[in-house]
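First comes the structure, then the notes that go with it.
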Amino acid sequence: MSDSALDAAGSSLPLPPSRRAAAPRAQSEARADSAGKEHVIDAMRGFAALLVAYFHCRQVEWVGMQAFHQSVGHSFSLSTIAAYLTFPIAWGSAGVPIFFVISGYCIHRGGALRLAKNPDYRLDTGNFWVRRFARIYPVLLAALVLTFALDWASLQLPPVNHKIREIGLQAFLVNLFSLQGVAGKTFGSNGALWTLSLEVQFYAIYPLLFALRRRLGMTSVLAIVAVINVVSAYVLERHDIQFFTSYWFSWTLGAWIADARARATPDVRSSTWLYVLAAAFVALGCAAFHFGQYGAFQLWAVGFAFYLYKALERPAGDKAHQADGLGMRLLSRFGDFSFSLYLIHLPIFVLLSSILFRSSLQMSIWPSFGYMLVAVPVAYVFYRLVELPAMKWSASFKSR
Numbered sequence: 012m013s014d015s016a017l018d019a020a021g022s023s024l025p026l027p028p029s030r031r032a033a034a035p036r037a038q039s040e041a042r043a044d045s046a047g048k049e050h051v052i053d054a055m056r057g058f059a060a061l062l063v064a065y066f067h068c069r070q071v072e073w074v075g076m077q078a079f080h081q082s083v084g085h086s087f088s089l090s091t092i093a094a095y096l097t098f099p100i101a102w103g104s105a106g107v108p109i110f111f112v113i114s115g116y117c118i119h120r121g122g123a124l125r126l127a128k129n130p131d132y133r134l135d136t137g138n139f140w141v142r143r144f145a146r147i148y149p150v151l152l153a154a155l156v157l158t159f160a161l162d163w164a165s166l167q168l169p170p171v172n173h174k175i176r177e178i179g180l181q182a183f184l185v186n187l188f189s190l191q192g193v194a195g196k197t198f199g200s201n202g203a204l205w206t207l208s209l210e211v212q213f214y215a216i217y218p219l220l221f222a223l224r225r226r227l228g229m230t231s232v233l234a235i236v237a238v239i240n241v242v243s244a245y246v247l248e249r250h251d252i253q254f255f256t257s258y259w260f261s262w263t264l265g266a267w268i269a270d271a272r273a274r275a276t277p278d279v280r281s282s283t284w285l286y287v288l289a290a291a292f293v294a295l296g297c298a299a300f301h302f303g304q305y306g307a308f309q310l311w312a313v314g315f316a317f318y319l320y321k322a323l324e325r326p327a328g329d330k331a332h333q334a335d336g337l338g339m340r341l342l343s344r345f346g347d348f349s350f351s352l353y354l355i356h357l358p359i360f361v362l363l364s365s366i367l368f369r370s371s372l373q374m375s376i377w378p379s380f381g382y383m384l385v386a387v388p389v390a391y392v393f394y395r396l397v398e399l400p401a402m403k404w405s406a407s408f409k410s411r
């Protein structure tokens, strides 16, 4: 439940008699609207996690579309059709900018709502950092330990999978302190951890962004961050140094959306053309991917930001929201444990490939589906055992 819904549901201010009867209804509507917005966020998280996970799954298990097409030609067996249907997964790295945009939105949402009510509100920096530490680091530590265990098992089954990098103490500490991309590589086979270092760096710098928002406004902050993003890409990213400044724009887009939604009049609806712009920028990102992943990343982030801004307008009870149906509800379920799935899927895939195929790429696409059927339930168990307690620990530090 969002902060606004909690405020609506938990207010202890006395109401005049004329409003007492309407209060339960208003609170119920606030909860429903909040639930609808959380539904959108969780569904996007679930979609992004599954997209990235299966993108990596194909890389670990399958020979790839070009080699497959050269081998089978225009055969139309069930296996061939299934393989060709996975072609859009070639752009699976688009899931990462979804995570960044959503992260910026969720982190800034509470502060944005408070600033909308009280422009003099100041962020409790110490409390923010403590809650972020409690939320992230128990899960990260457990993921690193699990990666070590699974990669050690994979190393006993030569030939060694090329995805496995250093699993020594130095690499472990580099990733534990979120310095991968700057002081070293990602730990073992868990290449997905490159984004987590950026997330932690976003959290570290967020109090500064918040202070600038209070002084300059969010639109000015977004413009400044865009300039920093371009300079950082030229100075750092082109030399393969991955630092938060090169991806800050996508994260700040999400924060800008949180700020804009907090100040928006509920009855005002933006144009449906935002969905068209979202699709256009996503398509441009897919086209730009041919020339490099970094440029595609920026375009995808803008596209998903357009989509998020518009999708958050829909009340839970409207027909468009109800039409989302089973698919959106299912994706939102995956969204519950998307962080866990993202953190541990790769070492699971590598171990399965080492055990079943001695790390050789397969012509058949079917094993990749089996890999996902293993990784998803394992991630859910990891979520229940590790991530959920970390979430509760983090929530215990929240200011009342």
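Going by our numbering, the final residue of the sequence shown carries number 411, and the count climbs one at a time with no gaps. All residues carry an ideal CB built from backbone N, CA and C; glycine is no exception. Keep in mind it's a predicted model, so treat the numbers as computed, not measured.
In the structure shown, residue 195 adopts extended strand secondary structure according to DSSP, grouped into three states.
By the neighbour-count definition (other C-beta atoms within 10 Å, threshold 16), residue 174 is a buried residue.
In the DSSP assignment, residue 162 falls within the alpha helix (DSSP H) that extends over 136–166. Runs of the alpha helix (DSSP H) lying entirely within the segment 318–393, each at least 4 residues long, are 330–347, 349–368 and 377–393 in chain order. For a cut-off of 8 Å, the C-beta gap from residue 370 to residue 170 is around 6 Å, short enough to register as a contact. Per the coordinates, the alpha-carbon of residue 390 lies some 30 Å from the alpha-carbon of residue 268. The beta carbon of residue 54 is closer than 7 Å to those of 339, 342, 343 and 346 in its chain, skipping five residues each way along the sequence.
If you draw a straight line from the Cα of residue 292 to the Cα of residue 264, it is about 14 Å long. In this structure, residue 104 and residue 253 do not form a Cβ contact; the two beta carbons are roughly 14 Å apart against a cut-off of 8 Å. The residue among 70, 69, 93 and 113 with its C-alpha nearest the C-alpha of residue 323 is 113.
The beta carbon of residue 189 is closer than 7 Å to those of 207, 208, 211 and 212 in its chain, skipping five residues each way along the sequence. The C-beta of residue 270 has 16 or more other C-beta atoms within 10 Å across all chains shown, which makes the residue buried. Judged by beta-carbon spacing, residue 91 lies beyond the 9 Å limit of residue 69, meaning their Cβ atoms are not closer than that value.
With contacts defined as CB atoms closer than 9 Å, residue 318 and residue 285 qualify as a contacting pair. Ranked by Cα distance from residue 273, the first of 130, 156 and 245 is 130. Residue pairing by DSSP places residue 73 opposite 373 in a beta bridge.
In this structure, the straight-line span from the alpha carbon of residue 246 to that of residue 313 is close to 22 Å.
The Cβ-Cβ distance between residue 239 and residue 262 does not fall below 9 Å. Take the alpha-carbon of residue 237 and the one of residue 223: they are about 14 Å apart. No Cβ-Cβ contact shorter than 9 Å links residue 59 with residue 115. For residue 198, the closest of 243, 149 and 180 by C-alpha to C-alpha distance is 180.
Residue 275 sits in coil when the DSSP states are folded into three classes, being neither helix nor strand. Of the candidates 78, 51, 65 and 63, the residue whose Cα lies closest to the Cα of residue 373 is 78. A distance below 6 Å between beta-carbons, with the five flanking residues on each side excluded, links residue 356 to the following residues of its chain, in chain order: 64 and 386.
Counted as a single uninterrupted DSSP element, the alpha helix (DSSP H) harbouring residue 107 occupies residues 106–128. DSSP places residue 181 inside the alpha helix (DSSP H), whose first and last residues are 180–187.
For residue 398, no alpha helix (DSSP H) segment is defined, and its DSSP state is neither H nor E. Cα atoms of residue 66 and residue 73: separation of roughly 10 Å, rounded to the nearest angstrom. Distance between residue 249 and residue 193, taken at the CA atoms: about 13 Å. Ranked by how close their Cα comes to the Cα of residue 394, the residues 353, 408 and 379 have 353 in first place. In this structure, the CA atom of residue 125 is about 16 Å from the CA atom of residue 138. By a beta-carbon distance limit of 8 Å, residue 101 contacts residue 76. Their separation comes to about 7 Å.
Closest by C-alpha distance to residue 151, out of 167, 122 and 187, is 187.
In this structure residue 408 is in contact with residue 142, their Cβ atoms being roughly 5 Å apart against a cut-off of 8 Å. Residue 244 and residue 405 have their alpha carbons spaced roughly 33 Å apart. Cβ-Cβ distances below 6 Å link residue 360 to 68, 71 and 382 in the same chain, with the five nearest sequence neighbours on each side left out; the list follows chain order.
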